[in-house]
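See structure below.
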């Protein structure tokens with residue numbers, strides 16, 4: 006069994022990868038392709054600004070405890086388009102197969118001025134996405150499925 | 006005609022510029038002045054926290070397609086003040102005249118606990134703005150007007 | 006009297022500290038402990054993603070002017086849990102005793118898809134918090150109490 010526990014690891018910010026995604030691009034596929042084409046094993050979103058459409062995201066129901074069950078998560082699908090106000094997250098390799106696990110949270114502006122968002126499952130670029138990825142040097146952190154959260158969680162390799 | 010297309014560029018994070026803006030400072034003018042006084046051509050917001058007032062921002066109307074038209078954007082003006090919960094964005098030189106084009110999205114906390122925000126057009130510092138800019142080395146990215154989005158978009162020089 | 010004024014300081018991003026906090030961890034105490042155990046004097050949140058519960062945050066009442074008074078701030082306490090959509094902020098040493106002053110703004114996703122948040126006073130990790138701190142080299146910035154804002158504000162040492 007994989008044991009998940011708190012850790013601290015020192016690393017360095019290596020390269021920045023500046024990219025502009027185009028209308029219709031799939032956000033997750035684009036980031037995975039950049040990671041694989043450029044042999045980037047571990048990275049973080051350092052900066053992101055643009056607009057998204059056709060988004061699917063989840064949030065957690067009030068009073069949910071751990072372990073989190075599938076029915077505790079509420080999925081929301083919205084056509085948008087939306088201003089992409091914030092995109093936070095990272096990608097680390099899966100412990101199982103080394104594939105990049107992309108973990109993203111998005112915050113989206115609506116025409117009424119209210120803001121929506123959550124743990125992002127799917128999104129398409131509307132007009133643009135100006136994303137600056139930071140690549141990590143000196144890290145041996147992986148992702149593996151946690152029984153507690155039902156998600157791929159970070160652990161020190 | 007300027008052709009906008011997807012690109013990937015490798016760059017390095019050079020200096021950080023730590024600044025504290027004061028009550029009444031114009032956010033956009035302050036950032037442009039820092040860029041020009043310190044000869045920073047290209048930069049990103051690495052971290053920002055503080056409070057804003059007299060903000061103007063835009064969001065996009067539902068069902069808007071591309072090309073985006075002026076009437077697809079809804080402008081919202083709010084006196085605030087607001088906690089500045091997130092400020093994302095960057096500045097790159099205009100291809101036309103080299104002037105810094107500042108592209109910012111802001112997320113603002115209100116007294117009811119709800120959150121508002123969008124593509125920022127104007128803002129004044131309320132109590133403080135603790136901003137850490139990152140300057141980019143090795144980048145040749147510019148901004149030029151796009152017919153598709155009606156905004157200044159990134160392109161590789 | 007401590008004079009607070011605008012400043013610009015050049016610094017470098019030194020190390021990154023990658024951490025995963027565990028369910029039940031106190032967010033502020035965890036960050037302070039990491040700072041002290043690793044002798045990190047000055048740092049910023051470079052990336053953060055996860056979920057929080059039992060949060061307390063404040064926002065400012067409309068039409069508030071400066072000096073800000075205690076009654077201008079509205080405190081909100083929410084059990085959650087919430088997706089942590091954005092965590093912005095920094096820690097700098099107090100001018101008085103050198104202890105890290107942690108200044109955080111959080112944005113939280115709710116099950117209805119709306120978003121809440123503000124200037125964070127207290128939070129507990131729900132399932133995880135994947136946080137990447139950046140340590141600052143070459144900075145002499147401190148925090149000291151400001152009569153104008155009633156908060157600990159940045160000033161150049």
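Chains as they are written, first to last, in my numbering: chain A, 6 to 162; chain B, 6 to 162; chain C, 6 to 162. C-beta atoms are modelled at their ideal positions from N, C-alpha and C, and glycine is treated no differently. These figures come from a predicted structure and were not determined experimentally.
Looking at the backbone, the Cα of residue 97 of chain C and that of residue 142 of chain C are separated by about 12 Å. Under the Cβ criterion (8 Å, minimum of three pairs), the region 102-121 of chain A does not count as touching the region 66-79 of chain A.
For residue 71 of chain A, the residues of chain C that pass the 7 Å Cβ criterion are 28, 132, in the order they occur in the chain. Within the DSSP secondary-structure output, residue 31 of chain C pairs in a beta bridge with C:129. Along the region 40-52 of chain C, the positions whose C-beta sits under 9 Å from a C-beta of chain A are 42, 43, 51, 52, read in chain order. By the Cβ neighbour-count rule, residue 84 of chain B is exposed, with fewer than 16 other Cβ atoms within 10 Å of its own. Linking residue 57 of chain A to residue 87 of chain A through their CA atoms gives a straight-line distance of about 5 Å. Residue A:22 holds the alpha-carbon nearest to the alpha-carbon of residue 137 of chain A among A:10, A:22, A:14, A:159.
The Cβ neighbour count for residue 15 of chain B, taken over all protein chains shown within 10 Å, is under 16; the residue is labelled exposed. Residue 34 of chain A is classed as exposed because its beta carbon has fewer than 16 other beta carbons within 10 Å across all chains shown. Listed along chain A are 65, 67, 69, each with a C-beta nearer than 8 Å to that of residue 86 of chain C. Taking 9 Å as the cut-off, the Cβ atoms of residue 18 of chain A and residue 128 of chain A do not count as close.
For residue 44 of chain A, there is no enclosing beta strand (DSSP E), as DSSP gives it neither H nor E. Using a Cβ-Cβ cut-off of 9 Å, residue 128 of chain A does not count as an interface residue toward chain C, since no Cβ of chain C sits closer than that to its own. For residue 18 of chain C, the nearest beta carbon of chain A is closer than 9 Å to its own beta carbon.
When the alpha-carbon of residue 42 of chain B is set against those of C:65, C:133, C:13, C:29, the nearest one is in C:13.
Boundaries cannot be given for residue 76 of chain B, as no beta strand (DSSP E) includes it and DSSP labels it neither H nor E. Distance from the CA atom of residue 153 of chain A to the CA atom of residue 120 of chain C, rounded to whole angstroms, is 25 Å. The beta carbon of residue 162 of chain A sits no closer than 9 Å to any beta carbon of chain C. Our two residues, residue 25 of chain B and residue 11 of chain C, have alpha carbons roughly 5 Å apart in a direct line. Sequence-distant Cβ neighbours of residue 100 of chain A in its own chain, meaning closer than 6 Å and more than five residues away, are 147, 149. When the beta-carbon positions are compared, residue 77 of chain C and residue 65 of chain C come within less than 9 Å of each other.
By a beta-carbon distance limit of 8 Å, residue 130 of chain B contacts residue 28 of chain B. Their separation comes to about 6 Å.
Excluding residues up to 5 positions away in sequence, nothing lies with its Cβ nearer than 6 Å to the Cβ of residue 104 of chain C in the same chain.
Along the length of the region 53-105 of chain B, whole beta strand (DSSP E) runs at least 3 residues long occupy 78-83, 87-98, reported in chain order. Residue 92 of chain A is positioned such that its CB atom lies closer than 9 Å to that of residue 110 of chain A. By the Cβ-count criterion, residue 44 of chain B is exposed, with fewer than 16 other Cβ atoms from all chains shown falling within 10 Å of its own Cβ.
As DSSP reads the structure, residue 161 of chain B sits in a beta bridge with B:146. Residue contact check for residue 144 of chain A against chain B: no CB pair falls below 9 Å. At a cut-off of 9 Å between beta-carbon atoms, residue 96 of chain A makes no contact with chain C. Interface flag for residue 135 of chain B against chain C is set, since a Cβ pair is found closer than 9 Å.
Spanning the alpha carbons of residue 40 of chain B and residue 46 of chain C requires a straight line of approximately 27 Å. Between the beta-carbon of residue 55 of chain B and that of residue 140 of chain B there is about 20 Å, and that puts the pair past the 8 Å contact cut. At a cut-off of 9 Å between C-beta atoms, residue 106 of chain A does not count as an interface residue with respect to chain C. For residue 102 of chain B, the number of other beta carbons within 10 angstroms of its own is below 16, and it is reported as exposed.
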